[in-house]
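Residue numbers for the sequence shown, in the working numbering: 101 to 189. All C-beta atoms, glycine included, are put in the ideal place defined by N, C-alpha and C. Data block below; observations after.
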Amino acid sequence: MSRPPRPSFHVRLSPELKSRLEEVRGRKSLNREVNDRLERSFGEDLAMQFGEIIAAYLAPLDEEDRTKAVRLASELAAVLAAKPRKRAP
């Protein structure tokens with residue numbers, strides 16, 4: 101069973117922006133880099149929601165425990181951000 105074609109459209113980028121994207125894409129295609137960045141931009145809403153939820157849990161902690169919790173959450177976020185995402189079928 102073949103998959104339906106993915107929707108596409110053309111975007112005009114400034115030469116400077118294209119150059120910056122090419123510099124940071126590593127081994128990914130330029131298309132993959134742009135897709136990843138767009139997906140992450142929509143995740144900012146989730147990050148805000150997470151921040152609001154976790155603030156209630158951090159409030160009763162003393163400064164040392166709050167610092168540890170924030171450090172661990174930051175490490176987790178870095179791991180999740182670095183892990184490749186599975187593509188939707």
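Pick from the options that is closest to residue i, judged by C-alpha positions
i, options, result
"residue 170", "150, 145 and 138", "150"
"residue 137", "145, 127, 121 and 173", "121"
"residue 130", "110, 146, 142 and 148", "110"
Residues of its chain near residue i, where Cβ-Cβ distance is below 8 Å and the 5 sequence neighbours each way are ignored
i, result
"residue 132", "125"
"residue 158", "166, 169 and 170"
Neighbourhood of residue i by C-beta, 6 Å cutoff - its chain only, sequence neighbours within 5 removed
i, result
"residue 173", "none"
Extent of the continuous alpha helix (DSSP H) run through residue i
i, result
"residue 174", "163-182"
"residue 115", "115-124"
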